[in-house]
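J.:
In the numbering used here, the protein residues as written are 675 to 1166.
#1: Restricting to Cα atoms, I'd like to know which of 952, 741, 755 is closest to residue 720.
#2: Please look up how many angstroms separate the CB atoms of residue 1125 and residue 1096, rounded, as I've assumed it's under 8 Å.
#3: Do you know how far the Cα of residue 1121 is from the Cα of residue 1066?
#4: Here's the rule: buried if 16 or more other CB atoms are within 10 angstroms of the residue's CB, otherwise exposed. What is residue 848?
#5: What ranges does the alpha helix (DSSP H) occupy inside the stretch 990 to 1046, keeping only unbroken runs of at least 4 residues that lie completely in it?
#6: Hey, could you find the ends of the alpha helix (DSSP H) residue 784 is sitting in?
#7: If you drop the 5 nearest sequence neighbours on each side, which residues of the same chain put their C-beta closer than 6 Å to that of residue 932?
#8: Can you tell me whether residue 694 is buried or exposed? The criterion is at least 16 other CB atoms within 10 Å of its CB, across all chains shown.
#9: Give me, in chain order, the residues of the same chain whose beta-carbon lies closer than 7 Å to that of residue 923; leave out the 5 immediate sequence neighbours on both sides.
#10: Where does residue 728 fall in DSSP's three states?
#11: Between the stretch 933 to 943 and the stretch 1027 to 1035, are three or more C-beta pairs nearer than 8 Å?
#12: Could you check if residue 1118 is buried or exposed, using at least 16 other CB atoms within 10 Å of its CB as the buried criterion?
#13: Should residue 750 and residue 785 be called a contact, given that it needs their Cβ atoms to be closer than 8 Å?
#14: When the distance is taken between beta carbons, is residue 836 closer than 8 Å to residue 700?
#15: DSSP puts residue 922 in a beta bridge; with which residues?
#16: What first and last residue would you give for the alpha helix (DSSP H) that runs through residue 974?
#17: Whole angstroms are fine: how far does the CA of residue 743 sit from the CA of residue 1138?
#18: Could you pull the start and end residues of the alpha helix (DSSP H) that residue 907 belongs to?
#19: So residue 777 is in the beta strand (DSSP E); what residue range does that whole segment cover?
#20: In chain order, which alpha helix (DSSP H) runs of at least 4 residues are fully inside the stretch 1068 to 1126?
#21: Should residue 703 go down as buried or exposed, given a rule of 16 or more other Cβ atoms within 10 Å for buried?
#22: Just the C-alpha distance for residue 1110 and residue 1142, rounded to the nearest angstrom, thanks.
#23: Could you check how far apart the C-beta atoms of residue 734 and residue 833 are, in whole angstroms? I think they sit under 8 Å.
#24: For the beta strand (DSSP E) holding residue 771, just list the boundary residues, first then last.
#25: What separation, rounded to the nearest whole angstrom, lies between the Cα atoms of residue 1037 and residue 1064?
#26: Does the Cβ-Cβ distance between residue 917 and residue 957 come in under 8 Å?
#27: Quick check on the DSSP output: the beta strand (DSSP E) that includes residue 959 runs from which residue to which?
#28: Per the DSSP calculation, residue 914 is bridged to which residue(s)?
#29: Comparing C-alpha positions only, which one of 1043, 1073, 1072, 1047 sits nearest to residue 1059?
#30: Please work out which residues of its chain come closer than 6 Å, Cβ to Cβ, to residue 863, disregarding the five sequence neighbours upstream and downstream, and give them in chain order.
#31: So, are the CB atoms of residue 752 and residue 789 less than 8 Å apart?
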């Protein structure tokens, strides 16, 4: 907020949202310091969006107590708007501090990176620091319809437009407090002299001193993934989650490196019966190092670029090879053989430094972006290698969200003789064809629609389309069962 003319004029920075966001992002993290809730209540569009998501009771609690800001999803259209509501979040000291991750929250920096890279709509959820990892994780048996009890990532899952999830400060908590960085060279003015071998030498103290009064142990990769992936798979199979791979200290090279233990866990999960759940998770590496030597999350940069490309070119377009807006440098740097190894197995999207700037080498997934029913046929990895692309997952998620919105608009169109559902589907698919999402010179070559009525009270519309992706065909099933429209999709 800018105050002018002795407080007689107040300006609130809130860019107009002219376009409906194609790929909105949700972030959960820490916002230490003051909360200016009056600035939030001064934004009628934001308050209306929060109420539409079902959080009226939370807003009523927020009017009485600042603590009610926790676990409340807030729509943000600019980084200035975020800092207006949370003015101390970027500079206030956090409870958890470490040598590499620093003593400040990562969420504010990710918000800045998101909008700097062209991101459109962002939903932010502030979580309490004193709950550590548990603040991000959902309660067992969580019911999404009970918005008053939602916490952490579950608060974002009820926002229909959210297609990306980023958890910056959960990433920060996963960096061990005692993990040192690159050791600085030691310069001494003492003269060199020889001593007898029997002489006891003084032991020098480590340059690293634990700086966090409350050391929070990082969660095991397997525990973390099994806490969140089933929830995403059950309630929001359209969402993609960005997550950097854990670090460990390489004693041989004396530098932080990608955790081999974490990579092996990812491989084991990918080869397990529940491996198809990893298609919603895009692993990234390495982190970004700022000028002060401390690390920051790469997820905000990537989420902003993905949101921008989805808005301007379509969610089926990749951001690989595009220069990213960031002041950080990839750390630890990966050699070309290391990049290739991470990309191929288990399937990591690797950030690299090129002469043009920082960019992503490939949008890679650990498993093919296939429907669970198709995953049992995944026998030869090379045959389905082209399916391991994050942009395919985003496109399929976009189709799911669009079908759901279409079904909500046609909720009262339950007569099988009514042509409105078929025409609405055809219009949507023609638009995809015009935007380049579907193959074929003519719309008739890009998709095929067939409507049937299998039983009383059920309308079935099947669509077969040919996307401009390494997928031969996608089969869409649009069904009305006793007045409720539902959309399903399957890869052929």
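Where a beta carbon is used, it is the ideal one built from N, C-alpha and C, also for glycine.
Just so we're clear, the structure is a prediction, and the values are computed from it rather than from any experiment.
T.: Taking the geometry as given:
#1: Cα-wise, what sits closest to residue 720 is 755.
#2: 6 Å
#3: 18 Å
#4: buried
#5: Complete alpha helix (DSSP H) runs here, min 4: 1010 to 1018.
#6: 781 to 790
#7: 919, 959
#8: exposed
#9: The beta carbon of residue 923 sits closer than 7 Å to those of 853, 854, 930, all from its chain and outside the five residues before and after it, given in chain order.
#10: coil
#11: no
#12: exposed
#13: yes
#14: yes
#15: 931
#16: 973 to 986
#17: 45 Å
#18: Unbroken alpha helix (DSSP H) run through residue 907: 895 to 909.
#19: 776 to 778
#20: Taking only runs of at least 4 residues, the alpha helix (DSSP H) segments lying wholly in the stretch 1068 to 1126 are 1094 to 1108, 1117 to 1120.
#21: buried
#22: 7 Å
#23: No, residue 734 and residue 833 are not in contact; Cβ-Cβ is about 19 Å, not under 8 Å.
#24: Element bounds for residue 771: 767 to 772.
#25: Roughly 5 Å separates the two Cα atoms.
#26: yes
#27: 955 to 959
#28: 838
#29: 1043
#30: Only weak support exists for where residue 863 lies, its pLDDT of 49 falling under 50; the coordinates are left without a value.
#31: yes
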